[in-house]
Amino acid sequence: MTAYLDGEKCRIEVCDSGPGLPCPPDHRPARADAEHGRGLCLIRELADHVHIGARPGRGGTVVSFDKILKWTKDPSLLTA
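For the record, in the sequence shown the residue sitting at position 12 is 577 according to our numbering, with numbers rising by one throughout.
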């Protein structure tokens, strides 16, 4: 896993050496009682840009996603 900031963009990249994902990866949300299968759905919902692909020449999958950060001077959570 790699994470970095570039101005207002945060990029996360996760690589593995597994058998890969079906092309294109399934876009259906997981069933309510499923014990797995929510990760990519959550990433797609929360990120501003998502790329899922193969690792050329090495096998496995690369998932990278960007989130545009909106900095504010006010705290995001109110305190009691």
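Using N, Cα and C, we set each Cβ at its ideal position, and we do this for glycine too.
query = Quick one, are the C-beta atoms of Cys606 and Ala595 less than 9 Å apart?
reply = Against a cut-off of 9 Å, the Cβ pair of Ala595 and Cys606 comes out as a contact.
query = Which residues in the same chain have their Cβ closer than 7 Å to the Cβ of Pro615, if we skip the five residues on either side of it in sequence?
reply = Contrary to the premise, residue 615 reads as Val rather than Pro in this sequence. Closer than 7 Å at Cβ, skipping near neighbours: Ile608, Arg609 and Phe630.
inquiry  = Considering only the alpha carbon of each residue, which of Asp613, Gly622, Gly618 and Gly625 lies closest to Arg576?
reply    = The candidate whose alpha carbon is nearest that of Arg576 is Asp613.
query = Taking the alpha helix (DSSP H) that Gly604 falls in, what are its first and last residues?
reply = Gly604 -> alpha helix (DSSP H) spans Gly604 to Leu611.
query = Based on the DSSP output, what are the partners of Thr626 in its beta bridges?
reply = Under DSSP, Thr626 shares a beta bridge with Ala619.
Alpha-carbon to alpha-carbon, Glu600 and Leu611 = So the two alpha carbons sit approximately 20 Å from each other.
query = In chain order, what residues of the same chain lie with their CB nearer than 8 Å to the CB of Ser582, ignoring the 5 residues before and after it?
reply = Answer for Ser582: Arg620, Arg623, Gly624 and Gly625, listed in chain order.
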